[in-house]
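Novice:
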Amino acid sequence: MIQFKAILIRVTKEILRDKRTLALMLLAPILILTLMNLVFNSSTDTKLKIGVADNVPSKIIQSLPSSKVTIHHYPNSLNRAKKIQSDNLDAFVGRSKNKLEITNENEDPTKSSQVKSIFANALLVSKIKELSLILKKTSLQTSTKQTSSNLKIKNLYLYGNSNSTFFDKVFPILIGFFVFFFVFLISGIALIRERTSGTLDRLLATPIRRSQLVLGYLAGYGLFAVLQTLLIVLFAIYVLKVAIVGNLLLVLLTNILVALVALVIGLFVSTFANSEFQMMQFIPIIVVPQVFFSGIIPLDTMAHWVRFISYLLPLSYAGNALTAVMIKGQGLGVITNDWLILLVFLFIFTFLNIIGLKRYRKV
Amino acid sequence: MAKSNHTIASISHISKSFGSKKVLSNITINICEGQILGLIGPSGSGKTTTIKCLLGMERADTGLATIFGQKMPNRQILERIGYMGQTDALYENLTALENLTFFGNLMGISGAELTSTIDKNMALVNLTDSLHQIVANFSGGMKRRLSLAIALLANPDLIILDEPTVGIDPSLRLDIWTQLRTLAIAQKAIIVTTHVMDEAEKCDLVGLIINGEIFALGTPSELKEKFHATSIEEVFLKAEVSSK
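Chains as they are written, first to last, in this note's numbering: chain A, 1 to 363; chain B, 364 to 607.
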């Protein structure tokens, strides 16, 4: 027990002394989250700039929603591509015979599809207007009263509200990712340092149990992971005003679990690295793929075998659980499975680490 | 010069390969209490691997290593061994005291016992004034001395030092050897690897390791006689030539 405590105290002191690493762990995620928040929340209200040739029927132009587009009029004969480039238009609409020709800039495909739906809508609206005019005429002639029900749309949301942005969706996953990333990196590098400086040999030349060493590391870095999670979550709620629907405690516990998993995976992976630089080389292999499979990009549309990969990555369970709690407000019943799987990761890698230390001492 | 025949540690017929490279072949050494054993040899000859096999950090392919009559590797036995590796193996961000406390705790010492042994050993390596200094600010020699103090912390019966006097100035080196002799007189067994030949002269027993084999083993005077040399340095040079 005294050995375990000694490791815990030493790890804690070392982190506290190393101000830069401490700052990396605590402040870097906050900086990145703030920037992401700015980026995603400011780009929601832009209007589409659409150029319209003078031979396009004005009925259709009038049906375009003025809240979403600004319209620039041009004579018909112009070179469309040039106009799009010189006037920075998102699309140019012209007419040849009975067709509307929409030239999209298509630098940003989401804008192209917005243009498509807006025009499809506009066509529909102008047709309905024509139809209702005909209807009115016929009803006047036949003197039967036609009631067209005046339907309007009211949007209701199961999760979030009309102000929900992409940032709200990815935020839970990002928290899990940051916790994973920084703990993974720092714990892995810490063990490499122990190896290269010879302290690991010296540690193992004392009667400490290999399990005490691994658990001491787990406790020491776990402590800072808790601190990091607390800071990120509280910052998000009170400064970035991100809504967390579910139980805050569940969010924290999930992240602590993520941190511990990251810790043991970091320690394990560092066995295969001979220097800090080689540890960095594991980031594109082990950390980055997890981002793709963590739920930031919807997985339902992927091929079955691709989805299978996500079952092997701890961050996908973390993302799942955090989304369930933070966005959907779900409780322990829903996330228990995710927790259990994370625990399995934790146990397997803790065990592998204890075994792995046999490389440096045979008992 | 052996003061008693009570064996502290023994290595018998140990061989070890890393992959296809044979690092140790058929090494047999015995060390009794009160003895200082010096392992000398060119770098890469297998001195450190010999020590690691003895400590149980490496497992020998064949042969047997025992310490205090127990077969190694054995975790409990490590409590009674003071080990200092080739690197200083210190936590640079921590103070000397924090390093000492940490390794002391790992050896199972704490409280007043720890405080008194820290004071004693820091005085021995002449670092009492630097107890609260961060190790990163130490000079190379100071780090080596602190490292030595840590190895001696638990008052071990077997002391294993890999190149203990590298980077230490001559007067302090002399102090350290005087201290090692004092420890030997107190019936401790000490194993030292070294490049410094005049240090080898101070050992009770010298093992010359070349290409993973014990080329010669005996007291300094025995070796000098055997090789018709006037100093261990000459023995070393002659041995290296004849092994080629």
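No residue lacks a Cβ here, since even glycine has one placed at the ideal position from N, Cα and C.
Going straight from the alpha carbon of Ser270/A to that of His558/B, what length do you get?
Specialist: When rounded, the distance between both Cα atoms is 33 angstroms.
Novice: Output yes if chain B places a C-beta closer than 8 angstroms to the C-beta of Lys19/A; else output no.
Specialist: Not an interface residue.
Novice: Taking the straight line between their C-alpha atoms, what separation do you get for Ile522/B and Gly407/B?
Specialist: Approximately 22 angstroms, taken between the alpha carbons.
Novice: At a cut of 8 angstroms, does the stretch 223-233 of chain A reach the stretch 481-494 of chain B through at least three beta carbon pairs?
Specialist: Touching, no, given that fewer than three Cβ pairs across the two stretches are closer than 8 angstroms.
Novice: What do you reckon, are the CB atoms on Ala273/A and Ile173/A nearer than 8 angstroms?
Specialist: No; because the gap between Cβ atoms is not below 8 angstroms, this pair is not in contact.
Novice: Using a Cβ-Cβ distance cut-off of 8 angstroms, determine whether Pro436/B contacts chain A.
Specialist: Closer than 8 angstroms to some Cβ of chain A, the Cβ of Pro436/B qualifies, so yes.
Novice: What is the residue span of the alpha helix (DSSP H) that Asp87/A lies within?
Specialist: Counting along the chain, the alpha helix (DSSP H) containing Asp87/A begins and ends at 80-87.
Novice: Report the residues of the stretch 203-220 of chain A with a CB closer than 8 angstroms to any CB of chain B, ordered along the chain.
Specialist: Those residues of the stretch 203-220 of chain A that come within reach of chain B (Cβ to Cβ, closer than 8 angstroms) are Leu203, Leu204, Ala205, Thr206, Pro207, Ile208, Arg209.
Novice: Let me check one thing: in DSSP terms, what residues is His609/B bridge-paired to?
Specialist: Here chain B covers residues 364 to 607 and nothing more, so residue 609/B does not appear.
Novice: Which one of Val529/B, Thr545/B, Thr593/B, Lys565/B has the shortest CA to CA distance from Gln449/B?
Specialist: When only C-alpha atoms are compared, the closest one is Val529/B.
Novice: Does Asp525/B pass the burial test, meaning 16 or more other C-beta atoms within 10 Å, or should it be called exposed?
Specialist: Buried, by the Cβ-count rule.
Novice: Counting only Cβ pairs nearer than 8 angstroms, list the residues of chain A close to Gln439/B.
Specialist: Within chain A, the residues near Gln439/B are Pro207.
Novice: When the distance is taken between beta carbons, is Cys395/B closer than 8 angstroms to Ala549/B?
Specialist: Contact: no.
Novice: So Ile2/A contacts chain B; which residues on that side make the cut at Cβ distance below 7 angstroms?
Specialist: Chain B residues near Ile2/A: Asn468, Gly471, Ser473.
Novice: If you follow the beta strand (DSSP E) that Tyr446/B is part of, which residue opens it and which one closes it?
Specialist: Counting along the chain, the beta strand (DSSP E) containing Tyr446/B begins and ends at 444-447.
Novice: Assess contact between the stretch 161-175 of chain A and the stretch 313-330 of chain A, defined as three or more Cβ pairs (one per stretch) separated by less than 8 angstroms. Is contact present?
Specialist: Touching, yes, given that three or more Cβ pairs across the two stretches are closer than 8 angstroms.
Novice: Along chain B, in chain order, which residues have C-beta atoms closer than 9 angstroms to that of Ser197/A?
Specialist: Residues of chain B passing the Cβ test: Thr450, Asp451, Ala452, Leu453, Tyr454, Glu455.
Novice: Roughly how many whole angstroms lie between the Cα atoms of Lys506/B and Lys384/B?
Specialist: Taking the straight line joining both Cα atoms gives about 33 angstroms.
Novice: Look at the alpha carbon of Cys416/B and the alpha carbon of Val569/B, and state the distance between them as a whole number of angstroms.
Specialist: Those two C-alpha atoms are separated by around 18 angstroms.
Novice: Out of Gly188/A, Thr301/A, Asp18/A, Lys152/A, which one is the CA nearest neighbour of Met279/A?
Specialist: The option with the nearest alpha carbon to Met279/A is Gly188/A.
Novice: Sorted by chain position, which residues of the same chain lie with C-beta nearer than 6 angstroms to Leu158/A's C-beta, five sequence neighbours on each side aside?
Specialist: Cβ neighbours of Leu158/A beyond the five flanking positions: none.
Novice: Going by beta carbon distance, what residues of the same chain come within less than 7 angstroms of Ile208/A, once the five residues before and after it are set aside?
Specialist: Contacts found: Gln3.
Novice: Based on the DSSP output, what are the partners of Gln433/B in its beta bridges?
Specialist: Note: Gln433/B sits in a beta bridge opposite Ile430/B.
Novice: Hey, does Glu536/B have any beta-carbon neighbour from chain A nearer than 8 angstroms?
Specialist: Sequence check: residue 536/B is Arg here, not Glu. For Arg536/B, the answer is no, since every Cβ of chain A falls outside 8 angstroms of its Cβ.
Novice: Report buried or exposed for Met1/A, applying the criterion of at least 16 other Cβ atoms within 10 angstroms of its Cβ.
Specialist: Exposed is the call here.
Novice: Taking the CB atoms as reference points, tell me whether Leu22/A and Ile15/A lie closer together than 8 angstroms.
Specialist: Result yes, Cβ atoms of Leu22/A and Ile15/A sit closer than 8 angstroms.
Novice: If we cut at 8 angstroms on Cβ distances, does Ile554/B have a partner in chain A?
Specialist: Ile554/B does not count as touching chain A.
Novice: To which residues of the same chain is Arg443/B closer than 6 angstroms at the C-beta, ignoring the five residues directly before and after it?
Specialist: Contacts found: Pro519, Asp520.
Novice: Just list the alpha helix (DSSP H) runs in the stretch 266-306 of chain A, keeping only unbroken ones of 4 residues or longer that don't cross its boundaries, in chain order.
Specialist: Taking only runs of at least 4 residues, the alpha helix (DSSP H) segments lying wholly in the stretch 266-306 of chain A are 276-280, 288-293.
Novice: Since Val115/A is in the alpha helix (DSSP H), which residue starts that stretch and which ends it?
Specialist: First-last of the alpha helix (DSSP H) with Val115/A: 109-142.
Novice: Check whether the Cβ atoms of Leu260/A and Gly220/A sit closer than 8 angstroms, and answer yes or no.
Specialist: No, these two residues do not count as a Cβ contact at 8 angstroms.
Novice: Can you pull out the residues from the stretch 505-531 of chain B whose beta carbon lies closer than 7 angstroms to at least one beta carbon of chain A?
Specialist: Of all residues in the stretch 505-531 of chain B, none has a Cβ within less than 7 angstroms of some Cβ in chain A.
Novice: Using a C-beta to C-beta distance shorter than 7 angstroms, which residues of chain B count as neighbours of Arg307/A?
Specialist: The contacting residues do not exist; Arg307/A stays about 41 angstroms from chain B at best.
Novice: Alpha carbon to alpha carbon, what distance is there between Thr429/B and Ile531/B?
Specialist: Looking at the two C-alpha atoms, the distance is approximately 32 angstroms.
Novice: Return no unless some Cβ of chain A is closer than 8 angstroms to the Cβ of Gly409/B.
Specialist: No, its Cβ sits nowhere closer than 8 angstroms to a Cβ of chain A.
Novice: Check this for me: beta carbons of Leu315/A and Phe180/A, under 8 angstroms apart or not?
Specialist: Closer than 8 angstroms, so yes.
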